[in-house]
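Note sheet for the following structure.
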């Protein structure tokens with residue numbers, strides 16, 4: 001095959017595949033968050049709705065993605081585990097994402113807007129489930145924390161750059177120049193996606209054939225990419241009957257803790273996404289560029305710190321980093337609601353309200369970096385343990401896609417809950433009350449993390 005396909009060596013390399021999947025997640029997050037600063041224009045000017053409906057439409061538009069993903073993630077994970085070529089799924093998802101993006105940019109009614117986001121949501125689900133599963137198959141378990149947080153850093157970069165770029169371009173140049181950046185990012189993703197060549201050992205693993213030499217080559221190659229010795233090999237097939245895979249997963253408290261952390265990470269993220277643009281517009285009179293820069297203030301610390309946080313979790317486990325994250329997020333999220341609130345004149349005197357808001361958002365970005373990848377890391381670790389306990393009993397790849405799909409469902413349930421909860425509280429009780437409620441949830445999360453997650457990395461023990 002290497003003689004027939006141009007550039008086969010580098011196009012099938014672990015480095016290139018992981019890079020391309022990182023770009024795919026970046027593009028997916030870029031497109032998902034891209035419309036946040038321009039939703040008011042799309043709803044009020046292009047669709048012709050009254051501005052009083054903007055917050056409600058924004059909340060449900062964000063919740064739609066999550067609702068579709070909750071429904072589809074488990075089935076996609078199930079069939080992806082049985083698929084002989086996961087990378088074909090990613091190519092078809094790219095086609096759907098491209099069509100959905102074109103339709104969203106052309107929308108002149110709410111029907112077209114929500115229908116186009118539905119198409120985009122289906123593509124997003126496939127990209128996340130299949131893309132993360134492919135990385136899980138390529139990466140040795142002792143590097144899984146660094147690998148997942150690296151690709152999730154790419155996703156965070158998309159979440160940051162999307163609204164920042166769209167807000168700036170919309171304010172400086174207009175609606176269609178803003179959309180040109182989205183199509184440029186999509187074009188780059190298309191190029192990388194078409195260049196990927198599936199690794200032979202992935203096909204053979206899907207077909208239950210044994211080729212330990214290719215697995216050794218893949219592990220050695222990845223070790224040189226991530227650093228350190230590598231090697232994760234599947235045990236020989238075992239025909240013994242095994243218990244239900246999902247019951248096994250849900251009996252692991254560390255997996256339940258990972259699901260909860262994935263839920264909370266997404267809930268926090270979408271809470272800010274659903275309310276930030278309108279809040280800074282009404283409170284500080286900032287335009288699209290201002291709101292875009294606030295998204296960057298939240299996301300840039302995650303981009304920088306997430307790989308370091310993944311390394312730390314690989315070393316000491318998830319309990320301590322996540323416990324400290326929720327402990328510090330509790331006062332910070334509360335403080336975010338103080339600037340602009342008349343009950344706290346000290347926070348607004350001498351124009352210090354905007355500065356306090358920006359500073360607090362940046363500190364939230366730092367603290368929430370420790371939440372990145374938590375659910376996926378714990379899913380990969382538990383799946384690896386189940387593979388050792390019941391070798392090959394749970395189908396292709398030991399059910400890795402299914403476990404990650406369940407983590408994805410938890411994440412998207414947070415994406416569904418966040419905009420609705422935040423939008424309802426913001427609209428009916430104000431921004432301060434909304435942040436106070438979310439801060440209380442963060443405080444309760446410290447208890448869940450302490451009792452569910454492991455105090456040490458402990459990858460090989462059965463919990």
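In UniProt numbering, the protein residues as written are 1 to 463.
Even glycine gets a Cβ: it sits at the ideal position worked out from N, Cα and C.
Check: Going by C-alpha distance, which of 109, 286 and 255 is nearest residue 523?; Outcome: Here the chain comprises residues numbered 1 to 463, so residue 523 is not present and cannot be evaluated.
Check: Would you report the Cα separation of residue 296 and residue 160, rounded to the nearest angstrom?; Outcome: 5 Å
Check: Would you be able to state if there are at least three C-beta pairs under 8 Å between the stretch 255-271 and the stretch 409-427?; Outcome: yes
Check: Taking 7 Å as the limit between beta carbons, can you name the residues of its chain near residue 301, skipping five residues before and five after?; Outcome: 362, 365, 366 and 369
Check: Please report the straight-line C-alpha distance between residue 436 and residue 426, rounded to a whole angstrom.; Outcome: 11 Å
Check: Mind checking residue 449: buried by the 16 CB within 10 Å criterion, or exposed?; Outcome: buried
Check: Specify, as a first and last residue, the run of the alpha helix (DSSP H) that residue 178 falls within.; Outcome: 175-195
Check: Could you give the first and the last residue of the continuous alpha helix (DSSP H) run that contains residue 388?; Outcome: 374-389
Check: Give the straight-line distance between the Cα atoms of residue 167 and residue 358, rounded to the nearest whole angstrom.; Outcome: 17 Å
Check: Evaluate contact between the stretch 317-328 and the stretch 182-193, counting only Cβ atoms and requiring at least three cross-stretch pairs below 8 Å.; Outcome: no
Check: Given residue 288, which residues of its chain have a CB within under 6 Å of its CB, disregarding the five upstream and five downstream residues?; Outcome: 37, 167, 170 and 171
Check: Just checking my contact of residue 73 with residue 408 at CB under 8 Å: how many whole Å lie between their CB atoms?; Outcome: 4 Å
Check: Roughly how far, in whole angstroms, is the beta-carbon of residue 307 from the beta-carbon of residue 108, given that I think they are within contact range, below 8 Å?; Outcome: No, residue 307 and residue 108 are not in contact; Cβ-Cβ is about 42 Å, not under 8 Å.
Check: Rank 17, 243 and 132 by C-alpha distance to the C-alpha of residue 391 and give the top, closest one.; Outcome: 243
Check: Identify the continuous alpha helix (DSSP H) that holds residue 102 and give its terminal residues.; Outcome: 86-106
Check: Quick check: what's the CA-CA separation for residue 344 versus residue 354?; Outcome: 13 Å
Check: Go through its chain and collect everything with a Cβ distance to residue 422's Cβ below 6 Å, but skip five positions before and after it.; Outcome: 271, 274, 275 and 434
Check: Which of the three DSSP states is assigned to residue 171 in this structure?; Outcome: helix
Check: Could you round the C-beta distance between residue 291 and residue 163 to whole angstroms and report it? I think they count as a contact, below 8 Å.; Outcome: 7 Å
Check: Are the beta-carbon atoms of residue 258 and residue 405 separated by less than 8 Å?; Outcome: no
Check: Tell me whether residue 346 sits in a helix, a strand or coil according to DSSP, three-state version.; Outcome: helix
Check: Can you tell me whether residue 282 is helix, strand or coil according to DSSP?; Outcome: helix
Check: Can you grab the Cα-Cα spacing for the pair residue 100 / residue 119, in whole Å?; Outcome: 5 Å
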